[in-house]
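Remarks on the structure that follows.
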Amino acid sequence: MSLQSVRAFFAEKAPDLPIIELATSTATVALAAEAHGVEPGQIAKTLAFRIGERNLLIVARGDARIDNRKIKETFGGKAKMLDAETVVALTSHPVGGVCPFGLATPLPVYCDVSLRAFAEVVPAAGDTHSAVRISPARMAELVDADWVDVCLSLPVENPEIAAPSPLETP
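If you want our numbering, it's the position in the sequence shown, counting the first as 1, plus 10.
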């Protein structure tokens, strides 16, 4: 049912975006990155949380980790990841195929700013063998997501590039 709900979502809102279906599992970030030929960060993972009395989805880059302090500051409470059964009930998508598209229940969606490091990301499309390629901005627009900063900062791979030049120092 969930792949069908994602198909219906894209047929209505973005018919130009094809759903990629593979024979191999893409249920983990590592499997998805390998199958799609991208780095793990480009996989847009969707995480389901309960904060206080509300359930919500956060989409973040695949190699990012959630920062509990930032979640609490952003949403005003401690986040608890939802169990697999609840995730399926709320989204219709199985763990490993969870995405912000074609949800069974309307849920607030938040995109972490970590996704903006990429021109294109690869979120799942409702099952463990499907995905789409999409820009982070378009994904956020399609699912009416708000942008948040709730992940731990990733280490800079090349500090020489990231360091400001003397002219940029205040």
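Where a beta carbon is used, it is the ideal one built from N, C-alpha and C, also for glycine.
Keep in mind that this is a model prediction, so the values were computed, not measured.
| Query | Result |
| --- | --- |
| Check whether S102 and S12 have beta carbons under 7 Å apart | yes |
| Distance between I68 and P118 (C-alpha atoms, nearest Å) | 9 Å |
| Rounded straight-line distance, which links the Cα of K82 to that of A21 | 36 Å |
| Cβ contact (3+ pairs, closer than 8 Å) linking the segment 148-161 and the segment 39-52 | no |
| Beta-ladder partner(s) of R60, from DSSP | N65 and K90 |
| Between the CA atoms of A18 and D137 - distance to the nearest angstrom | 14 Å |
| Three-state class that DSSP yields for A155 in the structure shown | coil |
| Cα-Cα separation between F59 and L41, rounded to whole angstroms | 23 Å |
| Residue span of the beta strand (DSSP E) that contains V119, given as start and end | V119 to D122 |
| Secondary structure of E44, DSSP reduced to three states | helix |
| Nearest-angstrom Cα separation, counted from P116 out to P133 | 18 Å |
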